[in-house]
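Residue 195 is where the sequence shown starts when you use the working numbering, and the numbers rise one by one after that. Backbone N, C-alpha and C define an ideal beta-carbon position, used for all residues, glycine too. Just so we're clear, the structure is a prediction, and the values are computed from it rather than from any experiment. In what follows, a single structure is set out as structure tokens and then discussed.
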Amino acid sequence: MNIPGTYRRRLARPGTALAALAVCGSMLAGCGLTSGSPMVDAVQPGTVGRGQPLKGAKLTVTSKQFTEQIILGQIMGLAFKAAGAEVLDRTNIQGSIGSREAVRTGAADGGYEYTGTGWITYLGRSKPIADPRKQWEAVRDADRKNGVDWLPPSKLDNTYALAVNPKYAEKYGLKTVSDVGRLLKENPKAATLCVESEFAVRDDGLPGLEKKYGFKFPSRNLKKMDSGIVYTQVSRGRACTLGEVFTTDGRIPELKLKVLEDDRKFFPNYNASPMINAKTLEKYPQIRQVLAPITEKLTTGLAQRLNAKVDVEGQDPHEVAKDWMVEEGFIKED
């Protein structure tokens with residue numbers, strides 16, 4: 195498995211991220227965008243890219259440096275390739291800032307990004323918007339002045355959540371985060387929580403969650419550890435009953451964890467959306483039609499399954515992306 199630590203880059207602190215943007219804007223090479231390779235797959239249009247509307251275009255796709263992002267970047271690149279474009283693959287860029295600045299400056303033409311990251315990290319807004327569609331609209335409207343267009347979002351939501359193994363979910367009647375508050379009152383010894391250190395202190399992590407739901411975990415009930423270890427500890431149910439997870443992590447279905455409903459809508463929406471350089475989109479508006487049906491198919495459950503193929507089964511992200519695109523009929527292999 196190769197997930198631990200990588201997801202935290204998606205949730206960079208706004209102040210730090212905005213400062214880094216200024217540096218990366220003038221020094222893209224220092225942010226990781228130093229190389230790339232042509233996407234040479236022999237793919238043809240399926241249900242997307244018919245008539246090859248991007249024939250003659252030279253497009254560069256990018257992504258951050260974790261499994262889900264790499265898969266999404268490969269999906270975008272394959273779609274462009276099938277639609278007739280020459281595609282340069284510059285996925286797997288270290289951190290959020292490098293891939294973002296590549297798109298903003300035109301060093302890359304597009305990549306999938308998360309609406310919550312756009313709003314909080316890149317635009318510096320401290321209060322997320324609860325409605326997923328309105329959150330995307332706000333990001334789209336605010337980021338246009340930066341030369342970045344956000345196409346309609348997917349249902350794929352890579353956000354924080356609390357999870358429990360099925361045995362404890364049934365034993366303690368845990369379905370929602372509000373049920374955790376009840377458990378803390380009725381049986382506080384049973385309400386133990388495994389978290390990574392950053393989640394334990396972030397306003398959009400545990401402190402904010404406790405404030406929103408009106409409960410408090412005693413310090414003795416908290417166990418801090420690397421994010422990757424949380425999943426196995428929750429599955430075993432020994433060190434902790436509950437754990438902090440990311441909703442699209444492939445280990446959730448693999449370990450049969452139950453994700454609790456965030457019934458008071460505390461955690462920000464992190465819906466994956468195509469983030470496209472505005473000049474590129476103006477020159478090639480066909481990109482909208484090429485990506486729309488693909489984005490519409492992306493869900494949290496699908497992301498879990500695709501991520502698991504890489505992080506649990508050890509498959510190559512590019513092949514995972516291509517296999518899914520072919521299975522869905524979006525593209526065909528020669």
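When the beta-carbon positions are compared, Leu378 and Thr442 stay at least 9 Å from each other. One alpha carbon belongs to Pro479, the other to Arg458, and they sit about 38 Å apart.
Just measuring C-alpha positions, the residue of Lys369, Gly267 and Thr489 sitting nearest Val297 is Gly267. Unbroken alpha helix (DSSP H) stretches of 4 residues or longer found wholly inside the region 273-311: 289-299, given in chain order. The secondary-structure analysis by DSSP pairs Ala466 across a beta bridge with Tyr308.
Listed as beta-bridge partners of Ser231 by DSSP are Asp283. When the Cα atoms are used, Ala486 and Arg334 turn out to be separated by approximately 16 Å. Put simply, of Phe411, Gly399 and Glu521 the residue whose alpha carbon is nearest the alpha carbon of Asp456 is Gly399. Residue pairing by DSSP puts Asn471 in a beta bridge opposite Val342. Going by beta carbons, Gly437 and Val428 fall inside the 9 Å limit. Beta bridge pairing from DSSP links Glu527 with Val237.
Here Pro382 has Pro412 and Asn415 as same chain residues with Cβ atoms under 8 Å from its own Cβ, once five neighbours each way along the sequence are excluded. In the DSSP assignment, Lys417 falls within the beta strand (DSSP E) that extends over Leu416 to Lys418. In the DSSP assignment, Tyr366 falls within the unbroken alpha helix (DSSP H) covering Pro360 to Tyr366. Sequence-distant Cβ neighbours of Gly444 in its own chain, meaning closer than 6 Å and more than five residues away, are Gln498, Asn501, Ala502, Asp505 and Val506. Between Leu317 and Asp343 a beta carbon distance of about 14 Å is seen, past the 8 Å cut, so the two are scored as non-contacting.
Taking a 10 Å sphere around the C-beta of Val281, we find 16 or more other C-beta atoms and assign the residue as buried. The C-alpha of Ala357 is placed about 12 Å away from the C-alpha of Thr386. DSSP, reduced to helix, strand and coil, places Ala332 within a helical segment of the structure shown. In the three-state reduction of the DSSP assignment, Leu454 falls in the coil class. The residue from Ile481, Pro462 and Tyr425 with its alpha-carbon nearest to that of Ile314 is Pro462.
Approximately 6 Å separates the beta-carbon atoms of Gly300 and Lys473; this is inside 8 Å, confirming the contact. For Glu513, the enclosing alpha helix (DSSP H) stretches over residues Pro511 to Glu521. One Cα belongs to Ala515, the other to Gly523, and the distance between them is close to 12 Å.
C-alpha of Gln246 to C-alpha of Pro239: approximately 7 Å in a straight line.
Looking from the CA of Tyr308, the closest CA among Tyr354, Pro401, Ala433 and Glu521 belongs to Tyr354.
Under the DSSP assignment, Val439 falls in the beta strand (DSSP E) whose first and last residues are Leu436 to Phe440.
Contact between Asn465 and Pro347 is confirmed by a C-beta separation of about 4 Å, below the 8 Å threshold. Look at Thr315 here: in three-state DSSP terms it is helix.
Within the same chain, Cβ atoms closer than 7 Å to the Cβ of Thr435 are found at Val358, Tyr362, Ala384, Ala385 and Thr386, the five residues on either side in sequence being excluded.
The beta carbon of Tyr407 sits closer than 8 Å to the beta carbons of Val371, Ser372, Val374, Gly375, Arg458 and Phe460 from its chain, once the five residues preceding and following it are set aside; these are given in chain order.
For the pair Arg327 and Val389, the Cα-to-Cα distance works out to about 29 Å. Annotated as proximal: Ala433 and Lys417, with beta-carbon spacing under 9 Å.
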